[in-house]
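Residue numbers (the numbering used here): 829 to 1373. C-beta atoms are modelled at their ideal positions from N, C-alpha and C, and glycine is treated no differently. Single-structure report; data block below.
What follows is the structure, encoded as structure tokens:
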């Protein structure tokens, strides 16, 4: 007799044979450790078993029913070889390792059948890589195998992490593919086991049902939406590139690759629910502040009331806007698209609230970033009304403008020239100074900026426009060697902007197009050459910038 209990993270197997009691326990996904006790009588052994079972139940463990039949037997494969394979399963990390092991046991045409036989009898916490292997095979229309998948769900409370990630917490992508295919073949087994499922499997199955256009109770739909949003905002969002399937409105299966670089799980969320529902769920999940990249949560943050949005930012000790390389740009764009009251934004630019008078979690230098961000948006609002702004809002606008130059440069231009140039002189060697000079060009200050041995962003230098092109060309030709590629890219981008604005390139500047460049320079150079008259294109020869 063997009984198995599991919590969300651990398992315990208790075995009784005559007067001997054994216990194997440990973390899910491992073999655990084993102990054994011998008793004077069978009665004493049974009493100890009952005591340990009661102790596990009291600790919150749940008994896991084994699949009928238990042992795996496969014609043509020895019991010893099969048991060795099953014992190794928890150590296998990928489907390719499973495939390699199966190839040692049987012929190619029988490997899939063997894998299914193993899945039917193996402990559920040992089968993550095996599930991934089977999920990568052609969809199976066997009713018996649909039964195996349904029973597998019933034997699991939580799945160990897999190499291909999870769609939901505790719901691996490989298992999802198996269930999606099996549910189409034979839904009855899943109905039969539904009452035995614990939360990860129950919500995961509902997620599959939703993608198969099957009706769900409102509370179940809400639970799936919440789980999907929580997965999107956890850490760095959904990782990897994995395909997921659903049924379109016409009932045809659609398959799409999902990755965090795109909309992530939002692509699925907005298909199964409305965009508004998805964004609100995302915002609610984002308030827990477990996200790392703001790009994964920005649509949800955009829907939060201003006071809740402030709580999110100030509830992070560092990197209030996330770890993205362009986090400030994303947040600036999001705030500028909102319709917050400028008076409320002005108040936040002066002091961030302290709920309950508690000491803020956010560090002061990060709090200053948050205040300046709100201040820049407040400045934009007031200037759009033609109203004057306070000096600290002018500084906030100056600091944030590089993160949204297309939206804020016009605001900087509306400020007094001397005030902006005073800010430029104070912080000359930075990208803020570049945008300040783009708003109010000063030849001497620009020359000083380019003469400094510091890297300046080409995408910001381009905003200076035509007045700075001659100085940029000079810096490209005579500046420090390690800075010349970035300065040359700035020149080419500025020329591209001029051409796009309808201006012609003077022949005197053709020499900057001669030499080939790196992967950033070359597309712009090629585009510019293509815009020249034929005779000038033919005259370009390779040579130094």
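Three-state class that DSSP yields for residue i in the structure shown
i            : result
residue 1144 : coil
residue 1106 : helix
residue 1293 : coil
residue 862  : strand
residue 1085 : strand
residue 1027 : helix
residue 1063 : strand
residue 1119 : strand
residue 960  : helix
residue 1022 : helix
residue 1332 : coil
residue 902  : coil
residue 1364 : helix
residue 1046 : helix
residue 1013 : helix
residue 775  : For the chain, the structure presents residues 829 to 1373; residue 775 sits outside this window and is missing.
residue 968  : coil
residue 1131 : coil
residue 955  : coil
residue 867  : coil
residue 950  : coil
residue 907  : helix
residue 991  : At residue 991 the pLDDT is 46, less than 50, meaning the model places this residue with poor confidence; the figure from the coordinates comes in the next sentence. Residue 991: coil per DSSP, three-state reduction.
residue 1337 : helix
residue 1281 : coil
residue 1092 : coil
Per DSSP, cross-strand counterpart(s) of residue i
i            : result
residue 996  : 999
residue 891  : 833
residue 1075 : 1081
residue 1070 : 1086
residue 855  : 838
Exposure label - residue i; buried when at least 16 CB within 10 Å
i            : result
residue 1288 : buried
residue 863  : exposed
residue 1283 : exposed
residue 1304 : buried
residue 1257 : exposed
residue 1042 : exposed
residue 1124 : buried
residue 971  : exposed
residue 969  : exposed
residue 1171 : exposed
residue 1004 : buried
residue 1000 : buried
residue 1252 : buried
residue 871  : exposed
residue 1156 : buried
residue 909  : exposed
residue 1330 : exposed
residue 884  : buried
residue 869  : exposed
residue 1260 : buried
residue 1231 : buried
residue 837  : exposed
residue 966  : exposed
residue 1315 : buried
Below-8 Å beta-carbon distance, residue i vs any chain C residue
i            : result
residue 1315 : Of the protein chains in the structure, only one exists, and it is not chain C.
At least three beta-carbon pairs within less than 8 Å, the region 1189-1198 to the region 1267-1275: No, they do not touch.
Alpha helix (DSSP H) runs wholly inside the region 1231-1274, at least 4 long, in chain order: Here the runs fully enclosed are 1233-1241, 1245-1254 and 1259-1267.
Using 8 Å as the threshold, is the region 992-1000 in touch with the region 1026-1043, meaning 3 or more CB pairs across them? They touch, by the three-pair rule.
Between the region 956-964 and the region 917-933, can you find at least three pairs of beta-carbon atoms closer than 8 Å? By the Cβ criterion, the region 917-933 is in contact with the region 956-964, since at least three pairs of Cβ atoms, one from each stretch, lie closer than 8 Å.
Entirely enclosed alpha helix (DSSP H) segments - the region 1143-1225, minimum 4 residues: Given a length threshold of 4 residues, each whole run of the alpha helix (DSSP H) inside the region 1143-1225 is given here in chain order: 1155-1165, 1170-1178 and 1192-1212.
Any 3 or more C-beta pairs closer than 8 Å across the region 1202-1211 and the region 1221-1241: Contact holds between the region 1202-1211 and the region 1221-1241, because three or more Cβ pairs, one in each stretch, are under 8 Å apart.
Are the region 1106-1116 and the region 1049-1065 in contact at 8 Å, needing three or more beta carbon pairs? By the Cβ criterion, the region 1106-1116 is in contact with the region 1049-1065, since at least three pairs of Cβ atoms, one from each stretch, lie closer than 8 Å.
Sufficient close CB pairs (3 or more, under 8 Å) joining the region 1346-1366 to the region 1316-1324: Verdict: yes, contact present.
Three or more C-beta pairs under 8 Å: does that hold for the region 1175-1186 against the region 1153-1167? The region 1175-1186 is not in contact with the region 1153-1167.
Inspect the CB distances between the region 900-920 and the region 928-947 and report whether three or more fall short of 8 Å. With the cut-off at 8 Å, the region 900-920 and the region 928-947 touch.
Between the region 1273-1282 and the region 1306-1322, do three or more beta carbon pairs fall short of 8 Å? Verdict: yes, contact present.
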